[in-house]
Amino acid sequence: MNEITVTSADAFDIRDWLRLDLMPHFMCPGCGHGIALRALLWACHELGIKKDKLAIVSGIGCSGRTGAYIDANTFHTTHGRPLAFATGLKLARPDLTVIVISGDGDSLAIGGNHMIHACRRNLDMTLMLLNNEVYGMTGGQVSPTTSAERFTTTTPAGNVEPVFDACKLAEGAGATFAGREATLQTPALKDLLKAAISHKGFSVAEVISDCTEIFGRKNAMGNSAEMVLRQKHAMIPERSPDDRVPEPFKPNPFPTGVFVDQQRPEYGELYDQVRKRARERSK
Ligand SMILES: Cc1ncc(C[n+]2csc(CCOP(=O)(O)OP(=O)(O)O)c2C)c(N)n1
Ligand code: SF4
Ligand SMILES: [Mg+2]
7 MNEITVTSAD
17 AFDIRDWLRL
27 DLMPHFMCPG
37 CGHGIALRAL
47 LWACHELGIK
57 KDKLAIVSGI
67 GCSGRTGAYI
77 DANTFHTTHG
87 RPLAFATGLK
97 LARPDLTVIV
107 ISGDGDSLAI
117 GGNHMIHACR
127 RNLDMTLMLL
137 NNEVYGMTGG
147 QVSPTTSAER
157 FTTTTPAGNV
167 EPVFDACKLA
177 EGAGATFAGR
187 EATLQTPALK
197 DLLKAAISHK
207 GFSVAEVISD
217 CTEIFGRKNA
227 MGNSAEMVLR
237 QKHAMIPERS
247 PDDRVPEPFK
257 PNPFPTGVFV
267 DQQRPEYGEL
277 YDQVRKRARE
287 RSK
């Protein structure tokens, strides 16, 4: 565990953490990314992280855009590259808590290479991966996490590609922490994020999020409340498809929880030893 164990006794007020001068925000009504943003800031609050010690690095996408509203040190970088920027930042400023906000397209498609190597290195930072199964910002193209048969602008007759399981990918690539929660359960999501941020080493917190306006509409998933309810059926697949959830397609099952939580040497500390050795040699 990191040193960040202080728990703030003050009540959480999201307005303390937002750049209110940037309101209104760009997000569509019911967008899951807004719920995830709240959970993240709630986690930072409960961990007692000071804003001047918090660095948020984000990529391009609706997911990445959420970082700009956080009243801390924020870096809105290029598509697929936030982990590369964050790696440099964390190595230069190990005293900062570095959190990367990235989408499924950003982290698993164009940035997939950076993600697997971040997992392999184990530098002490957190990736909050907002998985809404689609390229939301650019109009709804298929992504590596789009479920089978879903309609997107680039799969007008249904998607046939298999889905990437981000947590399994992270585990396979060597991440020392990987877990998943959905926006349906904000307190559980907040707790997952707290655990991920507190973990020493590279941590991946995947968030099942809803793109209500583009993905939901295209797949006739109902309004944002109906969409978020669908998550319940996917989290617990054996639950009978009872009541209010419209079922044009069965939700893709996704387990939630922490799947990997282990320790191995942290990259920043290893790199310090390399620096020391290099200095000794140059004497
Ligand atoms: C190098 C580069 N390629 C493509 C784009 C266009 N682009 C911007 S956001 C995006 C996809 C975003 O999808 P995702 O990461 O899932 O985020 P979401 O909007 O769904 O939250 C793409 C392809 C870009 N900005 N830069
Ligand atoms: S397009 Fe989708 S992901 Fe982007 S803000 Fe709207 S609902 Fe959210
Ligand atoms: Mg997306």
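Quick note on the working numbering: the sequence shown kicks off at 7 and runs consecutively. Heads up, the beta-carbon is just placed ideally off N, CA and C, and yes, glycines get one too. Quantities reported herein were computed from a predicted structural model and do not represent experimental measurements.
| request: Consider the C-beta atom of threonine 218 and the heavy atoms of ligand 2; say whether any pair is separated by less than 6 Å. | output: Result yes, Cβ under 6 Å from ligand 2.
| request: Would you mind reading off the limits of the alpha helix (DSSP H) that contains methionine 131? | output: Here methionine 131 belongs to no alpha helix (DSSP H), and DSSP marks it neither H nor E.
| request: Look at the alpha carbon of alanine 61 and the alpha carbon of methionine 134, and state the distance between them as a whole number of angstroms. | output: CA-to-CA, the gap between alanine 61 and methionine 134 works out to about 13 Å.
| Is the beta carbon of asparagine 225 within less than 6 Å of some heavy atom of ligand 3? | Flag unset: Cβ of asparagine 225 not near ligand 3.
| query | Does the beta-carbon distance from alanine 124 to leucine 89 come in below 7 Å? | reply | Contact check for alanine 124 against leucine 89 passes: the beta carbons are separated by less than 7 Å.
| One or two residues paired with glycine 109 in a DSSP bridge | Partner(s): Leu136.
| message | Which residues does DSSP list as the beta-bridge partners of tyrosine 141? | response | Under the DSSP definition of a beta bridge, tyrosine 141 partners with Gln147.
| field | Selected residue, minimal CA-CA separation from valine 266, among Leu97, Glu155, Val210 | value | Each of Leu97, Glu155, Val210 was checked against the Cα of valine 266, and the nearest Cα belongs to Val210.
| Are asparagine 165 and threonine 151 touching if we call contact CB-CB under 7 Å? | No, Cβ-Cβ distance for asparagine 165 and threonine 151 is not below 7 Å.
| task | Following the continuous alpha helix (DSSP H) through phenylalanine 32, name the residue where it begins and the one where it ends. | result | Under the DSSP assignment, phenylalanine 32 falls outside any alpha helix (DSSP H); it carries neither an H nor an E label.
| task | Return the first residue and the last residue of the alpha helix (DSSP H) that glycine 178 is part of. | result | Following the DSSP letters along the chain, one finds glycine 178 inside the alpha helix (DSSP H) bounded by residues 172–179.
| From proline 247 to glycine 228, what distance separates their C-alpha atoms? | Only weak support exists for where proline 247 lies, its pLDDT of 46 falling under 50; the coordinates are left without a value.
| field | Three-state secondary structure (DSSP) of valine 63 | value | Looking at valine 63 - three-state DSSP - the assignment turns out to be strand.
| Residues near alanine 184 by beta carbon distance below 7 Å, same chain, minus five either side | Beyond the five residues adjoining it in sequence on each side, alanine 184 comes within less than 7 Å, by CB distance, of Cys173, Ala176, Glu177, Val210, Phe265, Val266 in the same chain, given in chain order.
| Among residues of its own chain, excluding the 5 on either side of valine 148, which ones have a beta-carbon nearer than 6 Å to its beta-carbon? | Here the set comprises Thr158, Thr160, Thr161, Asn165.
| Quick one: is glutamate 139 buried, meaning 16 or more other Cβ sit within 10 Å of its Cβ, or exposed? | Buried, since its Cβ has 16 or more Cβ neighbours within 10 Å.
| field | Alpha carbon of histidine 39 to alpha carbon of tyrosine 141, nearest angstrom | value | Roughly 13 Å between the two C-alpha positions.
| What's the call for glutamine 191, buried or exposed, on a 16-neighbour Cβ count within 10 Å? | It is buried - the Cβ of glutamine 191 has at least 16 other Cβ atoms within 10 Å.
| said: Looking only at its chain, what residues have a beta carbon closer than 8 Å to the beta carbon of arginine 245, apart from the 5 residues adjacent to it on each side? | reply: Residue confidence for arginine 245 is low, a pLDDT of 47 falling below 50, so the modelled location carries little weight and cannot support an answer.
| message | Buried or exposed for aspartate 58, going by 16 or more other Cβ atoms inside 10 Å? | response | Around the beta-carbon of aspartate 58, fewer than 16 other beta-carbon atoms lie within 10 Å, marking it exposed.
| Which word fits arginine 236, buried or exposed, when buried means at least 16 other C-beta atoms lie within 10 angstroms of its C-beta? | Burial is judged here by how many other beta carbons sit within 10 angstroms of a residue's own beta carbon; arginine 236 has at least 16 and is buried.
| How about glycine 142: is its Cβ closer than 6 Å to a heavy atom in ligand 2? | Within the cutoff, so yes.
| Span of the beta strand (DSSP E) holding threonine 80? | Start and end: 79–82.
| request: Go to arginine 186, then tell me how far its beta strand (DSSP E) extends in each direction, as first and last residue. | output: Boundaries of the beta strand (DSSP E) harbouring arginine 186: 183–188, taken from the DSSP string.
| With a CB to CB cut of under 8 Å and the five nearest residues on each side skipped, what residues in its chain are close to leucine 102? | So the list reads Lys59, Leu60, Ala61, Asn79, Leu95, Lys96, once near-sequence residues are dropped.
| task | Sort Leu195, Met131, Gly145 by Cα distance to threonine 182 and report the nearest one. | result | The candidate whose alpha carbon is nearest that of threonine 182 is Met131.
| request: Return the residue from the list Ser69, Gly145, Arg127, Ala115 that minimises the CA-CA distance to glycine 6. | output: A query on residue 6 cannot be resolved here, the shown segment of the chain reaching from 7 to 289 and no further.
| message | In this structure, how does DSSP classify glutamate 286 when only helix, strand and coil are distinguished? | response | It is helical.
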